[in-house]
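Here is the structure we will look at, set down as structure tokens.
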Amino acid sequence: MKTRESSMPEAPLWESFFTPDAVLRALGLAPTHRAVADFGCGYGTFTIPAAKIISGAGGSGGAGGGGIVHALDIDPAMVAATIARANNDGYTNINAITRDFVAEGTGLPQGSVNYVMLFNILHAELPEVILREAQRILAPGGLLAIMHWNHDPATPRGPSLAIRPRPAECRQWALNIGFETVTTDPIALPPYHYGIIMRRAPD
Ligand SMILES: C[S@@+](CC[C@H](N)C(=O)[O-])C[C@H]1O[C@@H](n2cnc3c(N)ncnc32)[C@H](O)[C@@H]1O
Numbered sequence: 068m069k070t071r072e073s074s075m076p077e078a079p080l081w082e083s084f085f086t087p088d089a090v091l092r093a094l095g096l097a098p099t100h101r102a103v104a105d106f107g108c109g110y111g112t113f114t115i116p117a118a119k120i121i122s123g124a125g126g127s128g129g130a131g132g133g134g135i136v137h138a139l140d141i142d143p144a145m146v147a148a149t150i151a152r153a154n155n156d157g158y159t160n161i162n163a164i165t166r167d168f169v170a171e172g173t174g175l176p177q178g179s180v181n182y183v184m185l186f187n188i189l190h191a192e193l194p195e196v197i198l199r200e201a202q203r204i205l206a207p208g209g210l211l212a213i214m215h216w217n218h219d220p221a222t223p224r225g226p227s228l229a230i231r232p233r234p235a236e237c238r239q240w241a242l243n244i245g246f247e248t249v250t251t252d253p254i255a256l257p258p259y260h261y262g263i264i265m266r267r268a269p270d
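Sequential numbering of the sequence shown, starting at 68, is according to the numbering used here.
Put into structure tokens, the structure is as follows:
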């Protein structure tokens, strides 16, 4: 089932709220990451820049030797939009999957990725289910990047404040299921978001 309050406005409006490449770099995504999972990829706003960063390609196109981004969304229209964008931009290192990762998990093998993106999704009814699945698929030492809307009524979108998680809440949920802290203070991702980096404990 689609997470509460997670429908999207038109892509141009949504994408006016972010600088995706800067967000991903601030949240620790590096060319050395070989496999990434994007939970709730939406329009591919962050999927495509992630594919670019880990492909090692300076310009567009992700063919050849780079890592892969698994992009999951319950909404076939979002998956189709991400695939169309990947094709248009020449990225072949994106595996876009229509799937309910709350009800069914991601279907990715245990320990198979080293970077997970939970962007604008942890206002879900069951955030711990999503976090546990992230932990399952992360290899030991892999990074968990969380981004969400600031807890601020002046933000132009985002889930209602009653269900919008604060940074400390997200961090505590992740700690509760065994993640380690990488960044203690929230990372400002202006104009409207914050980020947190956690790590799957090494074995
Ligand atoms: C608010 S959007 C965020 C999109 C993207 N992460 C971003 O920040 O640009 C949330 C996305 O999660 C997807 N979603 C919601 N519940 C889901 C579920 N249970 N399984 C898979 N995708 C889900 C929605 O379809 C939507 O595309």
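Every residue, glycine too, gets a C-beta built ideally from N, C-alpha and C.
Closest to residue i by C-alpha separation, out of the options, would be which residue?
i	options	result
Y158	A104, D270, I121	I121
L80	I150, P223, H137, W240	P223
G134	R152, L96, D140	L96
T149	Y110, F186, V183, K119	Y110
R101	I188, F186, N181	N181
C221	T250, P258, G209	The displayed chain sequence assigns Ala, not Cys, to residue 221. Closest by alpha carbon: P258.
C108	P98, G123, H137, F84	H137
P271	A163, F186, I204	There is simply no residue 271 to check, as the chain begins at 68 and stops at 270 in what is shown.
N155	N162, I188, I115	I115
L210	T99, E171, E236, F84	T99
N217	R199, I141, F85	F85
G172	A89, P76, L198	L198
H260	T70, A89, P76, M75	A89
Is the beta carbon of residue i less than 8 Å from the beta carbon of residue j?
i	j	result
M68	V169	yes
F106	M214	no
A212	I264	yes
E82	P226	no
Q240	P207	Before going on, a small fix: residue 240 reads as Trp here, not Gln. It is not a contact, given that the beta carbons lie outside the stated cut-off.
A118	N160	yes
V249	R238	no
Please return the same chain residues whose Cβ sits closer than 8 Å to the Cβ of residue i, not counting the five positions on each side in sequence.
i	result
A93	I254, L256, G262
I204	A104, T173, L175, P176, Q177, G178, S179, V180, V183
M75	W81, G109, Y110, M145
What distance in whole Å lies between the Cβ atoms of residue j and residue i, which are believed to be in contact at a cut-off of 8 Å?
i	j	result
A113	L91	Per the sequence shown, residue 113 should be read as Phe rather than Ala. So it is a contact: roughly 6 Å between Cβ atoms.
Q202	G245	6 Å
A268	E247	5 Å
P234	L189	Rounded, the Cβ-Cβ distance is 10 Å, inconsistent with contact.
If you drop the 5 nearest sequence neighbours on each side, which residues of the same chain put their C-beta closer than 6 Å to that of residue i?
i	result
T165	P143, V146
G125	Low local confidence applies: a pLDDT of 48 at G125 is under 50, so the model's placement there is unreliable, and no value is given.
G131	Any reading at G131 needs caution, since the residue's pLDDT is 44, under 50, leaving its predicted position unreliable; the model's value is listed next. Excluding positions up to five away in sequence, the list is empty.
A163	A138, V146, T149, I150
I284	As shown, the chain starts at 68 and ends at 270. That puts residue 284 outside it, with no answer to give.
R152	G111, I115
G123	P98, G133
A78	Y110
Beta carbon of residue i: closer than 7 Å to some heavy atom of ligand 2?
i	result
T70	The model depicted lacks ligand 2 and carries ligand 1 instead.
Within its chain, find whatever has a CB closer than 7 Å to the CB of residue i; leave out the 5 residues flanking it on each side and keep chain order.
i	result
S127	With a pLDDT of only 46 at S127, under the threshold of 50, the placement of this residue in the model should not be trusted; the figure read from the coordinates follows. Correct list, in chain order: D156, G157.
E200	F168, G172, T173
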